[in-house]
């Protein structure tokens with residue numbers, strides 16, 4: 023495997039991503055006529071103009087509210103493209119950049135391995151949104167080889183090793199009701215379709231089958247789904263949240279290393295994190311999927 027040597031690796035800071043954005047704007051403007059010509063064969067012939075408008079709006083938005091780090095810049099770019107580019111390309115480009123930015127988080131200068139992991143999350147979000155696979159002659163045919171090439175070239179570091187772990191991210195669904203927890207888990211499994219389910223456990227109600235929260239059931243569930251890549255614990259409300267927080271705050275509780283509580287709506291987030299875990303994403307990506315669910319508006 024070819025790895026990136028230190029002297030060849032650029033500093034992936036905010037300035038680097040600003041240069042990338044400026045170059046993207048330049049290339050879109052340069053090739054807008056060609057993009058429109060291609061679109062006219064099977065579409066309505068406005069792809070080039072739409073992208074010019076969208077990427078121009080990204081530059082304006084970044085100048086008006088300067089991001090503090092690469093993650094913020096990419097998330098801003100994604101949101102702006104979704105809101106300004108007509109047709110399917112807006113949501114597709116926007117989803118890819120927004121998810122990549124959310125996985126990068128507040129990191130000021132991600133490593134190539136960290137960027138590769140974040141771009142992988144962006145690629146999977148596009149595939150989830152559009153249902154495309156490599157070979158379908160879509161955006162995925164450009165993104166997938168790029169993500170793979172970066173992953174092969176980037177020298178793995180401690181951050182990427184911790185994120186990869188030894189398996190998939192475990193998911194524990196904690197509800198005051200055993201029936202609710204089991205039903206939500208069943209719905210998530212149905213929505214996965216042909217995707218092989220990841221490790222999911224339910225901790226619903228009390229140990230004697232009543233309504234409430236059981237620390238013992240939560241611990242048992244977390245241990246059962248732990249494959250070494252972290253555990254995402256999703257709670258419905260009240261005592262469920264407090265019980266998990268208490269366990270997280272107690273070093274002797276016995277929760278697996280890398281256990282995190284998910285701050286998001288129960289049903290929407292359960293669907294998002296079980297799918298993201300099943301696709302083999304890391305813990306940061308699973309939590310980012312939950313963040314998307316928390317911000318989903320219904321009117």
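In the numbering used here, the protein residues as written are 23 to 321.
Every residue, glycine too, gets a C-beta built ideally from N, C-alpha and C.
Alpha-carbon to alpha-carbon, residue 102 and residue 84:
10 Å
Using DSSP's beta-bridge definition, name the partner residues of residue 190.
Paired residue(s): none; residue 190 is not in a bridge.
Would you mind working out which of 89, 144, 200 sits nearest residue 35, comparing C-alpha positions?
With distances taken between Cα atoms, residue 35 lies closest to 89.
Tell me which residue opens and which closes the beta strand (DSSP E) that residue 256 is part of.
253-257
Using a Cβ-Cβ cutoff of less than 8 Å, which residues in the same chain neighbour residue 145 once the five nearest sequence positions on both sides are dropped?
Answer for residue 145: 118, 162, 165, 166, 169, listed in chain order.
Are residue 104 and residue 93 close, meaning C-beta to C-beta below 8 Å?
Not closer than 8 Å, so no.
Cα-Cα separation between residue 317 and residue 56, rounded to whole angstroms:
36 Å
Cβ-based burial, residue 230 [other Cβ within 10 Å; buried from 16]
exposed
Can you say whether residue 281 is buried or exposed, counting buried as having 16 or more other CB atoms within 10 angstroms of its CB?
buried
Nearest CA to the CA of residue 273: which residue from 241, 247, 196, 287?
241
Would you please state the rounded distance, in angstroms, between the beta carbons of residue 76 and residue 58? I believe it to be under 8 Å.
Contact flag wrong, Cβ pair sits at about 14 Å.
Going by the beta-carbon positions, is the gap between residue 213 and residue 308 smaller than 8 Å?
no
Among the candidates 271, 278, 206, whose CA atom is the shortest distance from the CA of residue 287?
Nearest to residue 287 by alpha-carbon distance, out of 271, 278, 206, is 206.
Determine the burial state of residue 132: buried for a count of at least 16 other Cβ atoms within 10 Å of its Cβ, exposed for fewer.
buried
Considering only the alpha carbon of each residue, which of 302, 245, 210 lies closest to residue 291?
210
Ends of the alpha helix (DSSP H) at residue 120?
First-last of the alpha helix (DSSP H) with residue 120: 111-126.
Leaving out five residues on either side along the sequence, give the residues of the same chain with a beta carbon under 7 Å from the beta carbon of residue 185.
Confidence at residue 185 is low in this model, with a pLDDT of 39, below 50, so its placement is unreliable and no value can be given for it.
Leaving out five residues on either side along the sequence, give the residues of the same chain with a beta carbon under 7 Å from the beta carbon of residue 233.
198, 199, 227
Work out the CA separation of residue 41 and residue 321 for me, nearest whole Å.
37 Å
Can you tell me which of 159, 202, 129, 130 puts its alpha carbon nearest to the alpha carbon of residue 225?
202
Quick check: what's the CA-CA separation for residue 265 versus residue 175?
Approximately 43 Å between the Cα atoms of the pair.
Residue 255 and residue 283 closer than 8 Å at C-beta
Going by beta carbons, residue 255 and residue 283 fall inside the 8 Å limit.
Nearest to residue 61 by CA position, among 109, 243, 279, 252, is which residue?
109
Give the DSSP bridge partners of residue 197, in chain order.
In the DSSP assignment, residue 197 forms a beta bridge with 226.
Between residue 73 and the rest of its own chain, which residues show a CB-CB distance below 6 Å, the 5 nearest in sequence each way excluded?
Around residue 73: 50.
When you compare the CB positions of residue 196 and residue 257, do they come within less than 8 Å of one another, or not?
yes
Three-state class that DSSP yields for residue 58 in the structure shown
Helix, per DSSP.
How would you call residue 260, buried or exposed, if buried means at least 16 neighbouring beta carbons within 10 angstroms?
exposed
Could you check what DSSP says for residue 19 in three-state terms: helix, strand or coil?
The chain is shown only over 23 to 321; residue 19 falls outside these bounds and no answer can be derived.
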